[in-house]
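In our numbering, the protein residues as written are -14 to 129.
Yeah, the Cβ is synthetic: ideal placement off N, Cα and C, and Gly gets one too.
So the structure is just underneath, and the comments pick up after that.
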């Protein structure tokens, strides 16, 4: 996948969105959840992450809060303290218009990644099933 420039990383820096946090994909999941819910508390988001995760990797609550802070610093999410409902103050998060655009960027990146992965899997399976691959794997087993 060729590197592109994106507004998130600045004019002179290559885009690494497709590779950022590749293992867990926390950011796009948080953006999607906020888009679907309209607003949410961090604690509630942490409970929803498992149901919407893109991988089997566990997303720790600390990673969620780091991601929320970064999204807020980048203008993709805004938060405010909610103090009018009895009990301790809680921070409520909302997606901004910039965050909606960033969710669309993630959808594009993930679409490209999924197509690239599908090609890789197809190529790997074809290579593993080729006569040359079967012959070499048989030779390895015989030599062992």
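query: Can you check which of these residues, 82, 72 and 21, is closest to residue 59 by C-alpha distance?; result: 82
query: Spatial neighbours of residue 111 within its chain, please: CB distance less than 8 Å, with the 5 preceding and 5 following residues excluded, ordered by chain position.; result: none
query: Which ranges would you report for the beta strand (DSSP E) in the region 65 to 89 if only whole runs of at least 3 residues count?; result: 75 to 80
query: Do you know how far the Cα of residue 92 is from the Cα of residue 76?; result: 27 Å
query: What residue range does the alpha helix (DSSP H) around residue 115 cover?; result: Element bounds for residue 115: n/a, residue is neither H nor E.
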